[in-house]
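**Student:**
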Amino acid sequence: KASFGADDVVAVVLNLEKGPNANTVSLFVNGVRATQPQALPESLQGETLCPAVTWKNMTLCYNFGAAPLVPLPFSCRMVGDATAKDVEVVAAAPAPKDGKHEVLFPVCLPDEGTFAWLDTFLEKNPQYTELSDRAILAWAEKSGLWRPKGYAQKTSQDKPEMGFGISVMDDRSVQRVLQAVAPIQNRNYVVMEVKSNLVKDERKEL
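At position 193 of the sequence shown (counting the first as 1) the number is 546 in this note's numbering, and the numbers step up by one without a gap.
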C-alpha cells in the first residue's frame, strides 16, 4: 500500500504508449514507483479523461504545468505539455456581451411535468447548470456517497428526502454553500424549486 506524508510529491502517470503497460495508471512518490500499473477499465480506454484531485484532512498543491516537481525515472509529458493529439480541446462558452450571466427561475405548476421539461431544456441548452435538490442527489450518487435507502427511492422530485445520515447533507448545509458560491462562478443557472419559484417572497430569497 502506497503511503506519503508531509513534503512528499505524488505523481499519477497515465500510460498510453503501446506495450505491456498500455492503458494503465501508476502512482509515484518522490520519483519512485509506489504501485504496480493499474489497468484502466475497458469503458474508459480511448475516452477523454479529465484530471481531478480529491482529498481529505490534508493540504496540498497541484501541478498541471509543463515540468514535474520531482523527476521520474523515465520521460513523459505533463498535462501542461501535452501534444495536440493527446488532448481534446473544448471551446469555452462565449462570454456574455454585457458581462452578466443568466439565472432562470422557471415558474411551473406542481406535478405538471416540471422536471421532464427541465431535462429537455438542459439537453437543448447545455450552457446552463441545474441548481436543485435533485441535482445534489445526482452529484452525491456519482461521487459514490452511500445512501441507506439507495438512490432509486425519491419521495419528491422537488424536495426529496436526503436521508444520508450525514448532518451536512440532511440539514441542507450543502444547498446553502452552493447558494453562496454560485454567484462567483461564471455560469448560467437554472434554479429549479417548484414551490419556491411559485411564491414571490420565497423566490426573492433564492
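Ideal placement from N, C-alpha and C gives every residue a C-beta, glycine not left out.
Among P463, Y504 and E483, which has the Cα closest to the Cα of A493?
**Tutor:** Taking the sequence shown and counting its residues from 1, the one referred to as residue 493 is at position 140. The shortest Cα separation from A493 among P463, Y504 and E483 belongs to Y504.
**Student:** Ignoring anything shorter than 3 residues or poking outside the stretch 401 to 473, list the beta strand (DSSP E) runs there in chain order.
**Tutor:** For the stretch 401 to 473, not a single whole beta strand (DSSP E) run of length 3 or above is found.
**Student:** Are there 16 or more other CB atoms within 10 angstroms of the CB of D361, so buried, or fewer, so exposed?
**Tutor:** Numbered from 1 along the sequence shown, position 8 holds the residue referred to as residue 361. By the 10 Å Cβ count, D361 comes out exposed.
**Student:** With V547 as the anchor, note down where its alpha helix (DSSP H) starts and where it stops.
**Tutor:** Here the question's residue 547 lines up with position 194 in the sequence shown. Element bounds for V547: V547 to L551.
**Student:** Please classify V362: does DSSP put it in a helix, a strand, or coil?
**Tutor:** Numbered from its first residue, the sequence shown carries residue 362 at position 9. Coil at V362, not helix or strand.
**Student:** Beta carbon of A446, beta carbon of Q480: below 8 Å?
**Tutor:** Along the sequence shown, read from residue 1 onward, the residue named residue 446 stands at position 93. Along the sequence shown, read from residue 1 onward, the residue named residue 480 stands at position 127. Taking 8 Å as the Cβ cut-off, A446 and Q480 qualify as a contacting pair.
**Student:** For E370 and K553, what's the separation of their Cα atoms in angstroms?
**Tutor:** Mapped onto the sequence shown, residue 370 falls at position 17. Mapped onto the sequence shown, residue 553 falls at position 200. Rounded to whole angstroms, E370 to K553 spans 59 Å at the Cα level.
**Student:** Any C-beta of chain B sitting closer than 8 Å to the C-beta of P394?
**Tutor:** No chain B is part of this structure, which consists of one protein chain only.
**Student:** With the cut-off set at 8 Å, would you say Q606 and I489 are in Cβ contact?
**Tutor:** As displayed, the chain neither begins before 354 nor continues past 559, which places residue 606 out of reach and without an answer.
**Student:** From V534, P421, T407 and F517, pick the residue whose C-alpha is nearest to that of L484; which is it?
**Tutor:** Indexing the sequence shown from 1 puts residue 484 at position 131. Cα-wise, what sits closest to L484 is V534.
**Student:** So P404 and V432 are supposed to be a Cβ contact under 8 Å. How far apart are they, rounded?
**Tutor:** Your numbering for residue 404 matches position 51 in the sequence shown. Your numbering for residue 432 matches position 79 in the sequence shown. Contact holds; Cβ gap of about 6 Å.
**Student:** Do you know how far the Cα of L393 is from the Cα of C429?
**Tutor:** Counting from one through the sequence shown, the residue named residue 429 turns up at place 76. Counting from one through the sequence shown, the residue named residue 393 turns up at place 40. For C429 and L393, the distance between alpha carbons rounds to 18 Å.
**Student:** What does the Cβ neighbour count give for L402, buried or exposed, with the cut at 16 atoms within 10 Å?
**Tutor:** On the sequence shown, position 49 is the one that residue 402 refers to. Exposed, since its Cβ has fewer than 16 Cβ neighbours within 10 Å.
**Student:** Is it the case that the stretch 511 to 526 contacts the stretch 452 to 461, given that we only count it when at least three CB pairs across the two stretches are under 8 Å?
**Tutor:** They do not touch, by the three-pair rule.
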